[in-house]
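One structure is given below, encoded as structure tokens.
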Amino acid sequence: MLLFLGLTTRVIHLNWIYLGASLLIRFMAVLFVPVSVGIIKYSDLLREQVNILLVPNIVSTCVTLLVIGFFGHYLYQSQSFTHKRKKVMKCRENQVKQAN
0 MLLFLGLTTR VIHLNWIYLG ASLLIRFMAV LFVPVSVGII KYSDLLREQV
50 NILLVPNIVS TCVTLLVIGF FGHYLYQSQS FTHKRKKVMK CRENQVKQAN
């Protein structure tokens, strides 16, 4: 959902995520079909245990977002990261040009 909002508001540019997204799309069936089958097979168990499953998932998602946010802010503020970021962006641009 965040990726969709970022792409629609043009905060995230498509060429930034193109290579990684194309890899995930290529293997989408392998990644999602087993999970879907498991959810369908054990839906009654999931309904019974929804409180136990939901709380840790929400907490871990929030903690992960906070840690990544603080770490990203720290890296963005450091001077060495700016140079590395420019280098990665150049490399990504070249890869996207080669892919097209």
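Residue 14 in numbering that gives the first Met the number 0 sits at position 15 of the sequence shown; the count goes up by one each step and never skips. All C-beta atoms in this analysis are idealised placements derived from N, C-alpha and C, irrespective of residue type, glycine included. Fair warning: this is a prediction, and the values are worked out from it, not measured in the lab.
Quick one: grab the DSSP three-state call for residue i.
i: THR8; result: coil
i: SER42; result: helix
i: SER21; result: helix
i: PHE69; result: helix
i: MET0; result: coil
i: GLN76; result: helix
i: PHE26; result: coil
i: GLN48; result: coil
Is the beta carbon of residue i less than 9 Å from the beta carbon of residue j?
i: GLY11; j: LEU2; result: For the record, residue 11 in the displayed sequence is Ile; it is not Gly. Cβ distance < 9 Å, so ILE11 and LEU2 count as in contact.
i: ALA98; j: LEU44; result: no
i: THR81; j: TYR73; result: no
i: ARG84; j: TRP15; result: no
Nearest to residue i by CA position, among the options, is which residue?
i: LYS96; options: SER35, THR7 and LEU13; result: LEU13
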